[in-house]
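>
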Amino acid sequence: MRGMARKRSIHVMLVYTGGCNGCDIEVLNALFSPYYDLEQYRVMLTFNPREADILLVSGPVTKRCEPQLKAIYERIPEPKAVVAVGACAIVGGIYPNVFGELGPSDQIKAPLPNVLPVTSSAKGCAPLPEEIIKAVVKALPKIVGER
Ligand code: SF4
837 MRGMARKRSI
847 HVMLVYTGGC
857 NGCDIEVLNA
867 LFSPYYDLEQ
877 YRVMLTFNPR
887 EADILLVSGP
897 VTKRCEPQLK
907 AIYERIPEPK
917 AVVAVGACAI
927 VGGIYPNVFG
937 ELGPSDQIKA
947 PLPNVLPVTS
957 SAKGCAPLPE
967 EIIKAVVKAL
977 PKIVGER
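Position 111 of the sequence shown, counted from 1, bears residue number 947 in this note's numbering, the numbering being contiguous throughout.
(1) Verify whether the separation of the beta carbon atoms of G858 and A962 is less than 8 angstroms.
(2) If distances are taken between C-alpha atoms only, which option among P953, T882, I969 comes closest to E862?
(3) Use the C-beta contact count for P965: other C-beta atoms within 10 angstroms, 16 or more gives buried, fewer gives exposed.
(4) For G981, count the other beta carbons within 10 Å of its own beta carbon; 16 or more makes it buried, fewer makes it exposed. Which is it?
(5) Straight-line CA distance for A917 to P953?
(6) Could you check which residue in E914, V927, A971, V893 has the C-alpha nearest to that of L905?
(7) So which residues put a beta carbon under 6 angstroms from any heavy atom of the ligand SF4, going in chain order?
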């Protein structure tokens with residue numbers, strides 16, 4: 837049953853790893869609002885890793901978040917993809933300098949490829965909803981192609 841559901845829709849899961857929540861607002865309040873309404877294209881939001889196909893990661897990945905983020909990634913069934921959402925996930929944003937006065941902080945694990953295999957990225961701070969949609973579309977061949 838789950839396999840059939842995965843053939844007919846894409847489930848994205850958002851994980852916040854320590855940013856300002858600006859990216860999360862774009863995902864939760866814009867993409868799944870009536871304006872963009874990704875669900876009409878069968879892109880669904882889930883918070884259950886076992887249902888997810890694409891993991892959206894926002895924030896700079898703090899040291900404290902890293903084990904939980906990896907555990908969530910491991911629970912997502914194959915095939916799966918990871919999308920880095922926003923400057924914090926892509927390069928750390930402002931956070932390495934905020935927390936490390938004399939240089940990059942050892943509390944920040946960004947860029948996200950240091951932690952997980954990233955399939956695509958949505959640039960911006962916060963990224964425009966269109967950028968996030970583009971990154972999700974770019975990740976689709978990895979999901980659909982391997983099914
Ligand atoms: S990229 Fe910008 S909007 Fe997104 S979490 Fe970082 S600081 Fe906030």
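No residue lacks a Cβ here, since even glycine has one placed at the ideal position from N, Cα and C.
Let's see:
(1) yes
(2) I969
(3) buried
(4) exposed
(5) 8 angstroms
(6) V893
(7) G855, C856, G858, C859, S894, G895, G922, A923, C924, G929, C961, A962
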